[in-house]
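Take a look at the structure below.
In the numbering used here, the protein residues as written are 6 to 347.
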């Protein structure tokens, strides 16, 4: 009976201590106050040693933090909207969210990519898109890899027809999902307009080359979750070309956190279920032949298209980025003027 009472008392103490998280003070430095400023680290330490959240954060607590809290850096010194050499940033919700999808930001440094992700994604809630009627599903469960091109055990892709709508999912379960679509049915030299919408931050790649290397990616485009339909244009050169859809931002692809929402019946159940994806996993895309530079879709390249391009000057991820460089600039203006028809 005495042992039972002691166990219960310790459990209660541990539970009560956890309620003190977060506290004040750096988790990796001794301070008088109980608890520490990083909620996740504080909870881990106080679960092992409740005294750290009841009396003071002493050297024993610091030792536990150094042992248990590797990679936990939220909140941390440095604002989230400016790059700095240390990992993490000072706003816990934003820091915690970005580090969930991009572990680099909390393990190495809060670099310009982390800043870009914070500015674009912090505070953006989960959403759902409407898949157009008649869309052709990829018929690949997100826990499997039937069309992952060079990322699969066996090279596989699905051929696309102009005008058809294709729908699929993205997930980061190992290996990272990349949906490869063959453009073999698209005439060489054709200018293609792709309409894309996704529930997650998506990356569109135009890829050619051998899986043994090198692979060439001359065109990239990106879009945010539920930002509406994005329109991108590119020219398909001669040769074997593929459109690839995956998750990422301009300078980093996502490799974790986007958990598949389907259960693999052949896999043993995990000891603990993984946390759900912070965003939805669905996307759709449609390819149509288009005149390069015809930004308003009226069949000609004229002053209205020029106005659209100039109003988008310096931006990224827009239809006016005709060469897929990541920015609307003089090179895009040259392409548009060379395609002038009116």
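Where a beta carbon is used, it is the ideal one built from N, C-alpha and C, also for glycine.
Figure out for me which residue from the options has the closest Cα to the Cα of residue i.
i           : options            : result
residue 62  : 46, 38, 54         : 38
residue 223 : 301, 331, 230, 296 : 331
residue 196 : 283, 236, 127      : 236
residue 52  : 69, 30, 292        : 69
residue 45  : 71, 216, 183       : 71
residue 280 : 54, 302, 177       : 177
residue 310 : 342, 32, 282, 283  : 342
residue 103 : 301, 123, 315, 325 : 123
residue 92  : 110, 101, 66, 85   : 110
residue 134 : 321, 329, 286      : 286
residue 270 : 29, 119, 148, 161  : 148
residue 248 : 95, 155, 204       : 155
residue 261 : 188, 275, 30, 106  : 106
Rounded to the nearest angstrom, what separates residue i and residue j at their Cα positions?
i           : j           : result
residue 6   : residue 60  : Caution applies to residue 6, whose pLDDT of 28 falls short of 50 and renders its modelled position unreliable; the model cannot decide the point.
residue 98  : residue 80  : 8 Å
residue 334 : residue 27  : 47 Å
residue 48  : residue 83  : 23 Å
residue 115 : residue 90  : 6 Å
residue 264 : residue 308 : 46 Å
residue 288 : residue 146 : 14 Å
residue 226 : residue 238 : 10 Å
residue 212 : residue 77  : 36 Å
residue 306 : residue 314 : 11 Å
residue 284 : residue 254 : 14 Å
residue 181 : residue 160 : 15 Å
residue 3   : residue 297 : A query on residue 3 cannot be resolved here, the shown segment of the chain reaching from 6 to 347 and no further.
residue 215 : residue 32  : 49 Å
residue 166 : residue 100 : 42 Å
residue 137 : residue 57  : 55 Å
residue 245 : residue 252 : 23 Å
Give me whichever residues DSSP pairs with residue i in a beta bridge.
i           : result
residue 258 : 253
residue 185 : 249
residue 173 : 288
residue 224 : 211
residue 198 : 238, 293
residue 164 : 187
residue 203 : 288
residue 36  : 62
Using the three-state DSSP reduction, which class does residue i fall into: helix, strand or coil?
i           : result
residue 141 : strand
residue 15  : Low per-residue confidence applies at residue 15: pLDDT is 43, beneath 50, and the placement is therefore not dependable, though the value from the model is reported in the following sentence. Residue 15 falls in the helix class under three-state DSSP.
residue 154 : helix
residue 274 : coil
residue 44  : helix
residue 340 : helix
residue 312 : helix
residue 335 : helix
Any chance the CB of residue i is under 7 Å from a heavy atom of the ligand HEM?
i           : result
residue 219 : Summarising the ligand content, the structure contains no ligands, and the ligand HEM is consequently not present.
Report task. Scan the segment 46-133 and note each continuous alpha helix (DSSP H) run of 4 residues or more that stays entirely inside, going in chain order. Result -> Entirely contained in the segment 46-133, the alpha helix (DSSP H) runs reaching 4 residues are, in chain order, 64-73, 97-106, 109-112, 117-126.
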